[in-house]
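*Asks:* Have a look at the structure that comes next, please.
Residue numbers (my numbering), protein chains in the order written: chain U, 1327 to 1581; chain C, 3 to 52.
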């Protein structure tokens, strides 16, 4: 038996300390980031083939509906990334865990990229379907506000010189901005809008053909793995910056 | 093949949106890898100076 094993009552807390340990997080990201990236790439290929070639055209929209396979997953991830960012920022703020802010900072550019993709693909889908690239309705406007929330978080975090003050201020912004998430999600029910309601997440089951649902789910898993992979490599960068004077970072850099 | 690229007249919208997403996601994925490479190089220089 190891002499330095923690006593029984303390063992339950070991995972907690390891989660909060920057070195452990760096090693974890280093190991799982590339693996998630490879899986995401493979799933993207499968999803693109199924979505662009194998799936049949829609009886109303023709082929333009194929934008759904990138529009819906990126739009969903833009919300998921924001919630992840706000929760980790809040954990960092409340329990003073360093990793909280590090993860929040890593989520922000990914979430902004997803939001941008969702807005652009939606706009390009709107033109052949609704006859316009943009309209100031509830769903589109609230999604645009989400993009500005991501930009605001990053700008505020980088503008304040003191790292601790920057982390606190941006965490509060992220948590307050959470109010926008249910507004985006329910906007198609609360207001009259051009944007259609949900077809996949329904109590009665999805109202979409299986040959269209499968590529959508494949793309959804692909982009989730992409998010994990991107998050891992961004966490590594953030830690190399904030922990650069520690001995473990020097060990990594020294070979 | 031409038929596939035209997508029944919707080719422009489909291919533009797919390529923009590809470029945005690739850039977002690659940029931290290059950043980490630069960070490790500058850390190594710093260690060698000491």
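For every residue, glycine included, the Cβ atom is placed at its ideal position computed from N, Cα and C.
Spell out the partners DSSP gives residue 1384 of chain U in its beta bridges.
*Replies:* U/1388
*Asks:* For chain C, find out if any of its Cβ atoms is closer than 8 Å to the Cβ of residue 1364 of chain U; answer yes or no.
*Replies:* no
*Asks:* State the Cα-Cα distance for the pair residue 1327 of chain U and residue 1371 of chain U, rounded to the nearest angstrom.
*Replies:* Note that residue 1327 of chain U has pLDDT 45, beneath the 50 cutoff, so the model's placement of it is unreliable and no number is given.
*Asks:* Could you tell me the distance, in whole angstroms, from the CA atom of residue 1569 of chain U to the CA atom of residue 1490 of chain U?
*Replies:* Each residue's alpha carbon lies about 14 Å from the other.
*Asks:* Mind the definition here: the region 45-52 of chain C touches the region 1559-1577 of chain U only if three or more C-beta pairs lie below 8 Å; say whether that holds.
*Replies:* yes
*Asks:* Measuring only the C-alpha atoms, how far is residue 1522 of chain U from residue 1407 of chain U?
*Replies:* 23 Å
*Asks:* Note the first and the last residue of the continuous alpha helix (DSSP H) segment covering residue 1347 of chain U.
*Replies:* No alpha helix (DSSP H) contains residue 1347 of chain U, which DSSP labels as neither H nor E.
*Asks:* Assuming contact is defined by CB atoms lying nearer than 8 Å, are residue 1486 of chain U and residue 1492 of chain U in contact in what I supplied?
*Replies:* yes
*Asks:* On the criterion of 16 or more Cβ atoms from any shown chain inside 10 Å, does residue 1469 of chain U qualify as buried, or is it exposed?
*Replies:* buried
*Asks:* At a Cβ threshold of 8 Å, is residue 27 of chain C touching chain U?
*Replies:* yes
*Asks:* Could you run through the region 1517-1539 of chain U and flag, in chain order, every residue whose CB is less than 8 Å away from some CB of chain C?
*Replies:* none
*Asks:* Which residues, taken in chain order from the region 1429-1452 of chain U, show a beta carbon closer than 8 Å to some beta carbon of chain C?
*Replies:* 1435, 1436, 1439, 1442, 1443, 1446, 1447, 1450, 1451
*Asks:* Write down the C-beta distance between residue 1500 of chain U and residue 1438 of chain U rounded to the nearest angstrom, noting that I regard them as a contact closer than 8 Å.
*Replies:* No, residue 1500 of chain U and residue 1438 of chain U are not in contact; Cβ-Cβ is about 13 Å, not under 8 Å.
*Asks:* Would residue 1557 of chain U and residue 1433 of chain U be called neighbours here (beta carbons separated by less than 8 Å)?
*Replies:* yes
*Asks:* What are the start and end residues of each continuous alpha helix (DSSP H) run of 4 or more residues lying completely inside the region 1505-1551 of chain U, in chain order?
*Replies:* Complete alpha helix (DSSP H) runs here, min 4: 1506-1516.
*Asks:* Just checking: is the beta-carbon of residue 1392 of chain U within a distance shorter than 8 Å of some beta-carbon in chain C?
*Replies:* yes
*Asks:* Where does residue 40 of chain C land, buried or exposed, given buried means 16+ other C-beta within 10 angstroms?
*Replies:* exposed
*Asks:* Check the C-beta distance from residue 25 of chain C over to residue 1400 of chain U and give it rounded, since I have them as a contact under 8 Å.
*Replies:* That pair is no contact at about 13 Å.
*Asks:* So, do the region 1351-1363 of chain U and the region 1539-1549 of chain U have three or more beta carbon pairs nearer to each other than 8 Å?
*Replies:* By the Cβ test, the region 1351-1363 of chain U is not in contact with the region 1539-1549 of chain U, since fewer than three Cβ pairs between them sit closer than 8 Å.
*Asks:* In chain C, which residues lie less than 7 Å from residue 1579 of chain U when you measure between Cβ atoms?
*Replies:* Result: 42, 45, 46, 49.
*Asks:* Hey, does residue 3 of chain C have any beta-carbon neighbour from chain U nearer than 8 Å?
*Replies:* Residue 3 of chain C does not count as touching chain U.
*Asks:* Just mark residue 1457 of chain U as buried or exposed, buried being the case when its beta carbon has 16 or more other beta carbons within 10 Å.
*Replies:* exposed
*Asks:* Short of 6 Å in beta carbon distance, which residues of its chain neighbour residue 1560 of chain U, apart from the five on each side in sequence? Order them along the chain.
*Replies:* 1432
*Asks:* Spatial neighbours of residue 1463 of chain U within its chain, please: CB distance less than 6 Å, with the 5 preceding and 5 following residues excluded, ordered by chain position.
*Replies:* Closer than 6 Å at Cβ, skipping near neighbours: 1519, 1520.
*Asks:* Nearest chain U C-beta to residue 21 of chain C closer than 8 Å, yes or no?
*Replies:* By the rule that beta-carbons nearer than 8 Å mark a contact, residue 21 of chain C does not touch chain U.
*Asks:* Measuring straight from C-alpha to C-alpha, what distance separates residue 1505 of chain U and residue 1471 of chain U?
*Replies:* 11 Å
*Asks:* May I ask you to report which of helix, strand or coil DSSP gives residue 1461 of chain U?
*Replies:* coil
*Asks:* Output the distance between the C-alpha atoms of residue 1473 of chain U and residue 1442 of chain U, rounded to the nearest integer angstrom.
*Replies:* So the alpha carbons of these two residues sit roughly 7 Å apart.
*Asks:* Looking only at its own chain, which residues have a Cβ that is under 7 Å from the Cβ of residue 1413 of chain U, when we skip the five neighbours before and after it?
*Replies:* Correct list: empty, nothing qualifies.
*Asks:* Inspect the beta-carbon positions of residue 1397 of chain U and residue 1451 of chain U and report whether they are closer than 8 Å.
*Replies:* Their beta carbons are under 8 Å apart, which means residue 1397 of chain U touches residue 1451 of chain U by this criterion.
*Asks:* List the endpoints of the continuous alpha helix (DSSP H) containing residue 1572 of chain U.
*Replies:* Run containing residue 1572 of chain U: none; DSSP gives neither H nor E here.
*Asks:* DSSP three-state label for residue 1424 of chain U, please.
*Replies:* helix
*Asks:* Using beta carbons (cut-off 8 Å, strictly below), is residue 1556 of chain U in contact with chain C?
*Replies:* yes
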